[in-house]
Amino acid sequence: MAFPGPSADAVVIGGGVIGLSIAWRAALRGLSVTVLDPAPGRGASHAAAGMLTPVSELQYGEESLLRLNMASADRYPAFAAELADASGLPSGYRACGTLAVALDADDRAVLKDLHAYQERLGLASTWLTSRECRRLEPMLSPAVSGGLHVEADHQVDNRRLVAALLAACERAGVTLVRARAAALLTDADRATGVRLDDGTELAAGQVVLAAGCWSNAVEGLPPGTLPPVRPVKGEILRLRVPEVFAPFLSRNVRGVVKGGSMYLVPREDGELVVGATEHELGYDTEVTAGGVYELLRDAHELVPGITELPLVETHAGLRPGTPDNAPVIGAAELPGLVLATGHYRHGVLLTPVTADAVAELLAEGTVPEVVRPWGPGRFTAAPRDAATRPGTPSGPGDTHQDRSQGPDQEPHKEVSYA
Ligand SMILES: Cc1cc2nc3c(=O)[nH]c(=O)nc-3n(C[C@H](O)[C@H](O)[C@H](O)COP(=O)(O)OP(=O)(O)OC[C@H]3O[C@@H](n4cnc5c(N)ncnc54)[C@H](O)[C@@H]3O)c2cc1C
Numbered sequence: 001m002a003f004p005g006p007s008a009d010a011v012v013i014g015g016g017v018i019g020l021s022i023a024w025r026a027a028l029r030g031l032s033v034t035v036l037d038p039a040p041g042r043g044a045s046h047a048a049a050g051m052l053t054p055v056s057e058l059q060y061g062e063e064s065l066l067r068l069n070m071a072s073a074d075r076y077p078a079f080a081a082e083l084a085d086a087s088g089l090p091s092g093y094r095a096c097g098t099l100a101v102a103l104d105a106d107d108r109a110v111l112k113d114l115h116a117y118q119e120r121l122g123l124a125s126t127w128l129t130s131r132e133c134r135r136l137e138p139m140l141s142p143a144v145s146g147g148l149h150v151e152a153d154h155q156v157d158n159r160r161l162v163a164a165l166l167a168a169c170e171r172a173g174v175t176l177v178r179a180r181a182a183a184l185l186t187d188a189d190r191a192t193g194v195r196l197d198d199g200t201e202l203a204a205g206q207v208v209l210a211a212g213c214w215s216n217a218v219e220g221l222p223p224g225t226l227p228p229v230r231p232v233k234g235e236i237l238r239l240r241v242p243e244v245f246a247p248f249l250s251r252n253v254r255g256v257v258k259g260g261s262m263y264l265v266p267r268e269d270g271e272l273v274v275g276a277t278e279h280e281l282g283y284d285t286e287v288t289a290g291g292v293y294e295l296l297r298d299a300h301e302l303v304p305g306i307t308e309l310p311l312v313e314t315h316a317g318l319r320p321g322t323p324d325n326a327p328v329i330g331a332a333e334l335p336g337l338v339l340a341t342g343h344y345r346h347g348v349l350l351t352p353v354t355a356d357a358v359a360e361l362l363a364e365g366t367v368p369e370v371v372r373p374w375g376p377g378r379f380t381a382a383p384r385d386a387a388t389r390p391g392t393p394s395g396p397g398d399t400h401q402d403r404s405q406g407p408d409q410e411p412h413k414e415v416s417y418a
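For the sequence shown, the UniProt record's numbering begins at 1 and goes up steadily by one.
This is the structure in structure tokens:
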């Protein structure tokens, strides 16, 4: 096959946090890397809140995913420091801790259950009274009835992270092509490159598919290569804390409000991120009045002073969700093709562990033990007892009915956080 375009050791389809971090880490291992993306960093990675909260977001039945989440959280400080150094830009990482609070007795019961579960798994979290919560965060409503403090759950400003990854990629010699990959090129038994929308063909030793919720739209994937990756819409708000109110909040605040849940993520530069809704509506990214209303109503219940703050942005992004809501990281059955997609609600958190694992796979042909349960093989292997499957969708406490759905609609899943 003739390749008129340039060739690379690895071509990465998709320049979100996953594709860019893989490209950077692979380039550091000496590979020549090209990233393809018509709008790098503008997908879910732009929308996200950037919480790094594996303990606060623990869900029933996800112990296996917790191991992966914790492994990535553990890597963040070193990863962020290295990234800041390599890019000359701030990574956006902030070690601030997380406080999850409850309002009424039912919400409190949900948090108490979570606390018991965390303790059973040996995770560090502390139950606080209403007064102790307000001592930590004086802007909280007096109606807060108690909460869980997780000192080790932090945040990263995902937009700064993207900017730093782009700069680090450039400095490491990664080629960024602002174009869409139309199709995977294959010969008899392996992936050989990518065809762009304009027909240009790029040859590649290996191709990494990291196109978030658009991963299945790339043509030429042999049937069964990738499980369906679906878009899960999330509306999210950005407010600004004027100097006079600073510090409005000092740590991530998550709230269970009348069975629903939401979060507030304060940045060091005065931005306050409030999120997020969760709906499965295909590729729709319209921000609705209902979504904004719901978020502000619940945020106001937790932190009444929020209505004083300027609302500077409303946005909606699409989380990439797989059938078991866990990522797909590893070699595809087709030699030369590597998958790194489906990171759903945890893609920002999972960036360091995914990047290092895929870079190792590209350079050495091996993957670290911690990501092995998350390869594509789990969707094609013989069915096992669902309870033993990694990433089994979570049990009670993680979902609630979408408040906006009409009586005639099928209920759809609404997961609590992120
Ligand atoms: C509202 C919201 C809040 C969230 N909050 C958090 C959070 O607090 N913590 C957390 O860890 N995660 C959070 N997430 C999830 C996180 O944002 C995602 O898991 C993560 O960004 C996925 O990264 P990605 O690089 O795989 O996908 P994306 O960022 O979506 O990137 C995919 C890229 O692929 C490109 N692309 C698509 N098709 C092609 C093609 N054919 N050719 C070339 N390029 C292509 C797109 O342009 C895009 O840039 C949140 C998500 C949302 C929507």
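Note that the Cβ used here is the ideal one computed from N, Cα and C, for glycine as well. Just so we're clear, the structure is a prediction, and the values are computed from it rather than from any experiment.
Exercise for the section: Under 8 angstroms by Cβ, that's how I've got L148 and W127 pegged, so tell me the actual separation to the nearest angstrom. Expected result: 6 angstroms
Handout entry: Neighbourhood of S125 by C-beta, 7 angstroms cutoff - its chain only, sequence neighbours within 5 removed
Key = V55, H115, Q118, L148, H149 and V150
Exercise for the section: Determine the extent of the beta strand (DSSP E) in which Y117 is found, giving its start and end residues. Expected result: Segment A105 to R120 is the alpha helix (DSSP H) holding Y117; no beta strand (DSSP E) there.
Exercise for the section: Would you check if the distance between the CB atom of R312 and the CB atom of L226 is smaller than 8 angstroms? Expected result: The amino acid at residue 312 is misidentified as Arg; the sequence shows Val. Their beta carbons are not under 8 angstroms apart, which means V312 does not touch L226 by this criterion.
Problem - DSSP-derived helix/strand/coil call for V348 - result: coil
Exercise for the section: With a cut-off of 8 angstroms on the beta carbons, I'd call G14 and A211 a contact; round off their distance for me. Expected result: 4 angstroms
Handout entry: Distance cut-off 7 angstroms: A47 Cβ against heavy atoms of ligand 1
Key = yes
Practice task
Compute the Euclidean distance between the alpha carbons of A143 and R134, then round it to the nearest angstrom.
Solution key: 10 angstroms
Handout entry: Coil, strand or helix - D9 by DSSP
Key = strand
Handout entry: Euclidean distance between Cα positions of A181 and L196
Key = 4 angstroms
Exercise for the section: Out of A359, Y344, G260 and A164, point me to the one whose CA is closest to A80's CA. Expected result: A164
Practice task
Under 8 angstroms Cβ to Cβ from A183, same chain only, skipping five residues before and after it: list those, please.
Solution key: V194, R195, V218, E219 and G220
Practice task
Rounded to whole angstroms, what's the CA-CA distance from L36 to E201? Just pull it up for me.
Solution key: 12 angstroms
Practice task
Closer than 6 angstroms by C-beta to G43: which residues in its own chain qualify, once you throw out the five before and the five after it? Chain order, please.
Solution key: G16 and G212
Problem - Proximity test, T200 beta-carbon vs ligand 1 heavy atom, cut-off 7 angstroms - result: no
Problem - Element boundaries [alpha helix (DSSP H), containing M70] - result: E63 to S87
Exercise for the section: Ignore the nearest five residues each way along the sequence and tell me which others in H315's own chain have a CB closer than 6 angstroms to its CB. Expected result: A47 and I236
Exercise for the section: Indicate, with yes or no, if ligand 1 has a heavy atom lying under 7 angstroms from the CB of Y293. Expected result: no
Exercise for the section: For R267, count neighbouring C-beta atoms within 10 Å of its own C-beta (all shown protein chains included) and say buried if the count is 16 or more, exposed if not. Expected result: buried
Exercise for the section: Mind checking who A331 pairs with in its DSSP beta bridge? Expected result: V338
Exercise for the section: Would you identify the three-state DSSP class for G15, choosing helix, strand or coil? Expected result: coil
Practice task
Quick one: grab the DSSP three-state call for Q409.
Solution key: Summary for Q409: the model assigns pLDDT 29, below 50, so the residue's position carries little reliability; its value from the coordinates is reported in the next sentence. Correct three-state label for Q409: coil.
Problem - Same chain only: Cβ atoms within 7 angstroms of D385, ignoring 5 sequence neighbours per side - result: Any reading at D385 must be qualified, since the residue scores a pLDDT of 38, below 50, and its modelled position is unreliable; no value is offered.
Exercise for the section: Report the option in A49, L66 and G173 whose CA atom is closest to the CA atom of N325. Expected result: L66
Problem - Test: K258 CB closer than 8 angstroms to a CB of chain C - result: Absence of chain C from the displayed structure is noted, only one protein chain being present.
Handout entry: Three-state secondary structure (DSSP) of G97
Key = coil
Practice task
Decide yes or no for the touch test of the stretch 243–255 against the stretch 92–104: beta carbon pairs closer than 8 angstroms, at least 3 of them.
Solution key: yes
Problem - Own chain residues within Cβ distance below 8 angstroms of A27, not counting five before or after - result: V33, C169, A172, G173 and V174
Problem - Ordered list of alpha helix (DSSP H) runs contained in the stretch 26–51, each at least 4 residues - result: 44–47
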